[in-house]
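Take 2 as the starting number for the sequence shown in our numbering and just add one per residue. Even for Gly, the Cβ is constructed at its ideal location relative to N, Cα and C.
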Amino acid sequence: MKVVAVFFTVLGVLALLAMPDTETVRENASAEAVAVNFVQYRTAANKAALADPPASGERIEELDTVEGWQSMRSWDNRMDGNRFYVFGPASAHELLKIRELLRGSLAVAIQDGAFPSFIPAGAVVSVIEVNT
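Take a look at the structure:
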């Protein structure tokens, strides 16, 4: 009987040690929420741009988003030549979660000077080509 009691005590201690840090769980949940929010905005913006491309330098103001959707960040979009950009502020961890949602897509990156200057440094960027 003592062996069973010791076994369950050790098992309980191991379970407590294996519990994830609540701060880490909170950060992951927050990053996942921002990622979903960006992908929903990106999807609506890309659909609108493909259906009715704006002129170069213009953005699409009205998007057909999911009912009740509210932006968690200041997401933006803009046409530049035949490329349509969707962008906004995000951390590296949020970019990772966005890529996970988009199944590793390399069409999403962080602005590091490789994109047009109207996209702020450090912003998450998605780009598609639109035939006008």
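**Report entry** Same chain, Cβ closer than 8 angstroms to I129, five either side skipped, listed in chain order
**Finding:** So the qualifying residues of the chain are N47, A50, L51, R84, F85, A108.
**Report entry** Opposing strand residues paired with P90 [DSSP bridges]
**Finding:** Bridge partners of P90: A124.
Query - Supposed close pair F88, A45 - CB separation, criterion 8 angstroms - result: Their Cβ separation, rounded to whole angstroms, is 14 angstroms, which puts F88 and A45 out of contact at 8 angstroms.
Report task. Would you mind listing the alpha helix (DSSP H) stretches within the stretch 43–111 that are 4+ residues and don't spill past its ends, in chain order? Result -> If we require 4 residues or more, the alpha helix (DSSP H) runs fully inside the stretch 43–111 come out as 93–102.
Requested in this report: Closer than 8 angstroms by C-beta to L97: which residues in its own chain qualify, once you throw out the five before and the five after it? Chain order, please.
Outcome: Once the five neighbours on either side are set aside, the close Cβ partners of L97 are A32.
Query raised in the report: Which one of I120, P90, I111 has the shortest CA to CA distance from M80?
Result: Comparing alpha carbon positions, the residue from I120, P90, I111 closest to M80 is I120.
Query raised in the report: Can you tell which of N29, V126, I61, A93 has the C-alpha that lies nearest to the C-alpha of Q112?
Result: Taking Q112 as reference, the option from N29, V126, I61, A93 with the minimal CA-CA separation is V126.
Report task. Taking 7 angstroms as the cut-off, decide whether the C-beta atoms of P55 and I61 are in contact. Result -> Cβ atoms of P55 and I61: closer than 7 angstroms.
Requested in this report: Report the partner residues of E130 according to the DSSP bridge assignment.
Outcome: For E130, the pairing in a beta bridge is given by DSSP as R84.
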